[in-house]
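Everything on this sheet refers to the single structure shown next.
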Amino acid sequence: AQTVTQSQPEMSVQEAETVTLSCTYDTSESDYYLFWYKQPPSRQMILVIRQEAYKQQNATENRFSVNFQKAAKSFSLKISDSQLGDAAMYFCAYRSYLQGAQKLVFGQGTRLTINP
Amino acid sequence: NAGVTQTPKFRILKIGQSMTLQCAQDMNHNYMYWYRQDPGMGLKLIYYSVGAGITDKGEVPNGYNVSRSTTEDFPLRLELAAPSQTSVYFCASSQRSSGGGELFFGEGSRLTVL
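Residue numbers (the working numbering), protein chains in the order written: chain P, 1053 to 1168; chain X, 596 to 709.
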């Protein structure tokens, strides 16, 4: 079974600075998807960014980018120019490429605090 | 623009009581899921469904039941509530896709069992 590990329970960053959240995963599959979800205090789960394992290019969405290292099974999230609205729990998630339900396996989460 | 709607948002149960968490989506998604989130933890899959009439167990199904009689609705039944079921419950849905389909989540239902 796949597992996802986020080794940083909490992180903090100054507003406008850059922060990187770490995620590692374990799988025997060669094709899969990886996601970062944001959960603000409202509890709503919001998709931040996704990465297909067969793509070598790292995904980017505005101020959010990933560093995907397939051989190392590492998938970190970089947030540039941090804003107060970025404060939230961030979850890394894995999804098998195999056909069927798109079940996600989540990490434990990292709580990100933005200091003004 | 409803998306995924869960009710109730909050509920307190006594040990041994039963209840149903309701989930409805209006996006005509094939797949629906129930996750639970314990304090300080990630989400764990309880049950999922790939279409009306088809359900399957996830990682932590014990103590729960589901049904999927329509595409829109996916209720989660708790029988004989236990303190270990105190958690936040999320319903989600997604469209059948060969790609990295996005899951759309409800706002969660906080359940406390005393």
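Backbone N, C-alpha and C define an ideal beta-carbon position, used for all residues, glycine too.
Taking 9 Å as the cut-off, the Cβ atoms of isoleucine 1131 of chain P and threonine 1057 of chain P do not count as close.
A direct Cα-Cα distance of roughly 18 Å separates glutamate 674 of chain X from aspartate 651 of chain X.
In the DSSP assignment, isoleucine 1131 of chain P is bridged to P/Val1071, P/Phe1116. Contact fails between the region 1113-1121 of chain P and the region 611-630 of chain X, because fewer than three Cβ pairs, one in each stretch, are under 8 Å apart. The beta-bridge partner set that DSSP reports for phenylalanine 669 of chain X is empty. Residues of chain X whose Cβ lies closer than 7 Å to the Cβ of arginine 1115 of chain P do not exist; the shortest such Cβ separation is about 19 Å.
Secondary structure at glutamine 680 of chain X: helix, using DSSP grouped into helix, strand and coil. The three-state reading of DSSP puts aspartate 633 of chain X in coil, since its state is none of H, G, I, E or B. Collapsing the DSSP output to three states places glycine 646 of chain X in a strand. Proximity of chain P to phenylalanine 685 of chain X at the Cβ level (cut-off 7 Å) is accounted for by Met1097, in chain order. The Cβ neighbour count for aspartate 1078 of chain P, taken over all protein chains shown within 10 Å, is under 16; the residue is labelled exposed. Across the structure, glutamine 1096 of chain P and leucine 1150 of chain P are spaced so that their CA atoms are roughly 27 Å apart. At a Cβ-Cβ threshold of 9 Å, leucine 640 of chain X and valine 661 of chain X do not count as neighbours. Counted as a single uninterrupted DSSP element, the beta strand (DSSP E) harbouring aspartate 1078 of chain P occupies residues 1076-1078.
Within the DSSP bridge table, the entry for aspartate 1083 of chain P names no partner.
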